[in-house]
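At position 38 of the sequence shown (counting the first as 1) the number is 43 in my numbering, and the numbers step up by one without a gap. Cβ atoms here follow ideal geometry from the backbone N, Cα and C, with glycine treated the same way. In what follows, a single structure is set out as structure tokens and then discussed.
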Amino acid sequence: MTDCSRERRWLILSEDGRHVWLGRYSDPSEEEIASAEASLAAQSLGGYVAVAEGDYWSRKARMTLLPVRPLAGPRIPFEQASAVFEAIRARRLSELA
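The following block contains the structure:
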């Protein structure tokens, strides 16, 4: 059994808190990151490449998000985007209760 509380995953975090997971078992390639950046820009969104630590579905612990680099010129700071992410995550968890 794996310890999900220590799981590390790459993600693309958009300004509005939406996210996609990348490279669960390996680092994402520059091509994957460039494709994600183009997708954000096409939606007039900025975002961030980040590393998440923790279990997304755990009600007990908050996930830790570590910024790696900005993508497509985000208009809000990483901390604000990650707060929106956490609010979306909390809402999803409460819907499961």
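Residue i, enclosing alpha helix (DSSP H) - first and last residue
| i | result |
| --- | --- |
| residue 101 | 83 to 101 |
Under the three-state DSSP convention, the category residue i falls into
| i | result |
| --- | --- |
| residue 55 | strand |
| residue 50 | coil |
| residue 44 | helix |
| residue 11 | helix |
| residue 23 | coil |
Neighbour flag for residue i against chain B, beta carbons, 9 Å
| i | result |
| --- | --- |
| residue 60 | Here chain B cannot be found, since the structure has a single protein chain. |
Beta-carbon gap between residue i and residue j smaller than 9 Å
| i | j | result |
| --- | --- | --- |
| residue 100 | residue 51 | no |
| residue 88 | residue 69 | no |
| residue 18 | residue 55 | yes |
| residue 53 | residue 102 | no |
| residue 27 | residue 37 | yes |
| residue 42 | residue 76 | yes |
Unbroken beta strand (DSSP E) run spanning residue i, endpoints
| i | result |
| --- | --- |
| residue 62 | Note, residue 62: premise wrong, no beta strand (DSSP E); not H, not E. |
| residue 74 | 69 to 76 |
### Task
Mind the definition here: the stretch 11 to 25 touches the stretch 77 to 96 only if three or more C-beta pairs lie below 8 Å; say whether that holds.
yes
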